[in-house]
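Engineer: Quick one: this structure, given as structure tokens, is what I'll be asking you about.
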Amino acid sequence: MVFSENFDGVTPPALPPDWEAANSQGPPPFWVTSNSGVPIPPADTPPNAAFIDDPAEVSDKRLDSLHFILFGPQLTFRQTFNLEASSEDPNLGFDGGVLELSTDDGNTFQDILAAGGSFAMGGYNRIISADRGSPIAGRQAWSGNSGGLITTVVNIPWFGAQGRLRWRMASDTSGSGEGWRVDTVNITACVPVRRRVQHRRHPRPR
Numbered sequence: 017m018v019f020s021e022n023f024d025g026v027t028p029p030a031l032p033p034d035w036e037a038a039n040s041q042g043p044p045p046f047w048v049t050s051n052s053g054v055p056i057p058p059a060d061t062p063p064n065a066a067f068i069d070d071p072a073e074v075s076d077k078r079l080d081s082l083h084f085i086l087f088g089p090q091l092t093f094r095q096t097f098n099l100e101a102s103s104e105d106p107n108l109g110f111d112g113g114v115l116e117l118s119t120d121d122g123n124t125f126q127d128i129l130a131a132g133g134s135f136a137m138g139g140y141n142r143i144i145s146a147d148r149g150s151p152i153a154g155r156q157a158w159s160g161n162s163g164g165l166i167t168t169v170v171n172i173p174w175f176g177a178q179g180r181l182r183w184r185m186a187s188d189t190s191g192s193g194e195g196w197r198v199d200t201v202n203i204t205a206c207v208p209v210r211r212r213v214q215h216r217r218h219p220r221p222r
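To convert a position in the sequence shown, counted from 1, into my numbering, add 16.
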């Protein structure tokens, strides 16, 4: 186990040590820990989960994990979301959440898929509308209503460098939702498979 976080070792709204929240766009609130709201209970491992609201205005709200070494780990977390989405097109979202990865110790981030990761379970379910001003317009994301807690499993690429994870929620110019909750974050090391090297037998010299 590289690290495990269930957000229960702090008193809301404080975040665990070395976790950071910031808003690139939009007013407060920031990502916090929360022990209230829906669903009930509002966490996978009560009492706390990380939570961000979904406002009816443009916002870009980010939660960054502590630092860890990227050596082919697998990420598992539980999440529940109710973020503004189309009621007519099941593939279209208006507000959404994405998972991003930094491979340079938090200086820059890119989507987990663009960074070479992949979802083994619970991946993105919609594409964010490109015409409503969302900071993540046109991207795959989690949007709509998850219908309760779901499990997401992510294969993180091998880089051999310090990295950070970012849960990023972005909203557009209108409409709102309950928000997004993240809990029970676990990163486990994946042992690389050693390939067998076949040695050719050379004939003995005569």
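Every residue gets a Cβ at the ideal spot worked out from N, C-alpha and C, and that includes glycine.
Ignore the nearest five residues each way along the sequence and tell me which others in Thr61's own chain have a CB closer than 7 Å to its CB.
Structural biologist: Locating residue 61 in the sequence shown gives position 45, counting from the first residue. Same-chain partners within the cutoff: Asn22, Asp24, Asp199 and Thr200.
Engineer: Is it true that the stretch 160-178 meets the stretch 67-81, where meeting means three or more beta-carbon pairs spaced less than 8 Å apart?
Structural biologist: no
Engineer: Specify, as a first and last residue, the run of the beta strand (DSSP E) that Glu179 falls within.
Structural biologist: Sequence index remark: in the sequence shown, residue 179 carries index 163 (1-based). Contrary to the premise, residue 179 reads as Gly rather than Glu in this sequence. Where Gly179 is concerned, the enclosing beta strand (DSSP E) stretches over Trp174 to Ser187.
Engineer: Please list, in chain order, all residues of the same chain as Gln41 whose beta carbon is under 7 Å from its beta carbon, the five residues on each side excluded.
Structural biologist: Taking the first residue of the sequence shown as position 1, residue 41 is located at position 25. Only Val74, Ser75, Asp76 and Pro151 meet the Cβ criterion.
Engineer: Between the stretch 49-69 and the stretch 80-92, are three or more C-beta pairs nearer than 8 Å?
Structural biologist: Segments in contact, no.
Engineer: Give the single residue among Pro32, Ser190 and Phe125 whose Cα lies nearest to the Cα of Arg180.
Structural biologist: The sequence position of residue 180 within the sequence shown is 164, counting from 1. In terms of Cα proximity to Arg180, the closest of Pro32, Ser190 and Phe125 is Phe125.
Engineer: Between the stretch 131-138 and the stretch 158-171, are three or more C-beta pairs nearer than 8 Å?
Structural biologist: In the pairwise beta carbon analysis, the stretch 131-138 is classified as touching the stretch 158-171: at least three pairs are separated by under 8 Å.
Engineer: Quick one: grab the DSSP three-state call for Glu116.
Structural biologist: The residue labelled residue 116 in the question sits at position 100 within the sequence shown. The answer is strand: DSSP assigns Glu116 an E or B state.
Engineer: What is the DSSP secondary structure of Phe110, counted as helix, strand or coil?
Structural biologist: Numbered from its first residue, the sequence shown carries residue 110 at position 94. In the structure shown, Phe110 falls within a coil segment according to DSSP collapsed to helix, strand and coil.
Engineer: Whose CA, out of Ala72, Ala131 and Asn98, lies closest to the CA of Thr189?
Structural biologist: If you number the sequence shown from 1, residue 189 lands on position 173. Nearest option by C-alpha distance: Ala72.
Engineer: Can the beta-carbon of Ala146 be found closer than 8 Å to that of Gly139?
Structural biologist: Residue numbering aside, residue 146 sits at position 130 when the sequence shown is read from its first letter. Residue numbering aside, residue 139 sits at position 123 when the sequence shown is read from its first letter. Result no, Cβ atoms of Ala146 and Gly139 do not sit closer than 8 Å.
Engineer: Is it the case that the Cβ atoms of Gly3 and Ala157 are separated by a distance below 8 Å?
Structural biologist: Since the displayed the chain opens at 17 and closes at 222, residue 3 lies outside it and no answer follows.
Engineer: Can you have a look at Ser159 and say buried or exposed, based on whether 16 or more other CB atoms are within 10 angstroms of its CB?
Structural biologist: Looking up residue 159 in the sequence shown gives position 143. Flag for Ser159 reads buried.
Engineer: Take Ala101 and list the residues in its own chain whose beta-carbon comes closer than 7 Å to its own, dropping the five residues that flank it on each side.
Structural biologist: Start at 1 with the first residue of the sequence shown, and residue 101 comes out as number 85. For Ala101, where only same-chain residues beyond five positions count, the Cβ hits under 7 Å are Leu108, Gly109, Phe110, Arg142, Ser159 and Gly160.
Engineer: Please name the residue or residues paired with Ala65 in a DSSP beta bridge.
Structural biologist: One-based indexing of the sequence shown puts residue 65 at position 49. Ala65 is bridged to Ser50.
Engineer: Alpha carbons only, please: which of Thr92, Val54, Ala131 and Pro89 is nearest the one belonging to Asp197?
Structural biologist: Walking along the sequence shown from the start, residue 197 turns up at place 181. Per the sequence shown, the amino acid found at residue 197 is Arg instead of Asp. Among Thr92, Val54, Ala131 and Pro89, the Cα nearest to that of Arg197 is on Val54.
Engineer: If you draw a straight line from the alpha carbon of Leu99 to that of Gly191, how long is it in whole angstroms?
Structural biologist: On the sequence shown, residue 99 is found 83 positions in, with the first residue counted as 1. On the sequence shown, residue 191 is found 175 positions in, with the first residue counted as 1. Cα to Cα, Leu99 sits roughly 9 Å from Gly191.
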